[in-house]
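For reference, the structure discussed in these notes is given below.
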Amino acid sequence: MALHLIKLCVGADSIEDLREWVSERSLIAIAAGMEPHSSHITRMVPKREQDLLDGGSLYWVIKGQVQARQRLLDIKTFTDADGISRCELVLGPEVVETELQPRRAFQGWRYLTDDDAPRDLKNMGDGTADLPLELRRELAELGLL
Numbered sequence: 048m049a050l051h052l053i054k055l056c057v058g059a060d061s062i063e064d065l066r067e068w069v070s071e072r073s074l075i076a077i078a079a080g081m082e083p084h085s086s087h088i089t090r091m092v093p094k095r096e097q098d099l100l101d102g103g104s105l106y107w108v109i110k111g112q113v114q115a116r117q118r119l120l121d122i123k124t125f126t127d128a129d130g131i132s133r134c135e136l137v138l139g140p141e142v143v144e145t146e147l148q149p150r151r152a153f154q155g156w157r158y159l160t161d162d163d164a165p166r167d168l169k170n171m172g173d174g175t176a177d178l179p180l181e182l183r184r185e186l187a188e189l190g191l192l
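Everything in the sequence shown is counted per my numbering, starting at 48 for the first residue and increasing by one.
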């Protein structure tokens, strides 16, 4: 069973903002002759790396709701210019919308089990994907989705 990470998507107000950022990073990677991907730098290194890389994703919390995920491709550690250990989460180029799941603010990242992870919106099969985001958000806050 895959293990995932969940993190606040600081600086993005919408999935479109996140997709734009990912697209820019992918273009930069392609221009450098690398595979298209984006990455996220964090201070703490996940201890369960193998579980995360066995089909795991990074789930993004935007405006208090889990709204999207990106596949985890690799986890790299490095030391920055100030001598501080860092972790680079290498992410796939696709931003997949998920069902909305409320989350309170937290610092850093947290592990997320497969059972607790929200489903991909396209796999819900109940017409939810056709609803506008604001309506889905409102229905989720009311506990109707």
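The beta carbon of each residue, even a glycine, is placed where N, CA and C say it ideally should be.
Between the options, which lies nearest to residue i when the distance is taken from Cα to Cα?
i	options	result
Val92	Arg157, Gly139 and His84	Arg157
Leu120	Leu138, Ala59, Asp163 and Leu65	Leu138
Met48	Leu182, Arg184 and Gly103	Gly103
Arg95	Met81, Arg183, Val142 and Leu50	Leu50
Arg116	Tyr106, Phe125, Val57 and Gly130	Tyr106
Gln148	His84, Glu181, Trp68 and Gln114	Gln114
Thr126	Ile75, Leu100 and Ile88	Ile88
If you measure between the beta carbons of residue i and residue j, is that distance less than 8 Å?
i	j	result
Arg133	Arg90	yes
Ile109	Leu136	no
Glu144	Leu168	yes
Gln112	Arg150	yes
By the three-class DSSP mapping on this structure, what secondary structure does residue i have?
i	result
Glu82	coil
Ser61	coil
Leu168	helix
Quick check: what's the CA-CA separation for residue i versus residue j?
i	j	result
Ser86	Arg72	8 Å
Ile53	Asp162	13 Å
Assuming residue i contacts residue j under a Cβ cut-off of 8 Å, what Cβ separation, rounded to an integer in Å, is found between them?
i	j	result
Arg166	Glu146	5 Å
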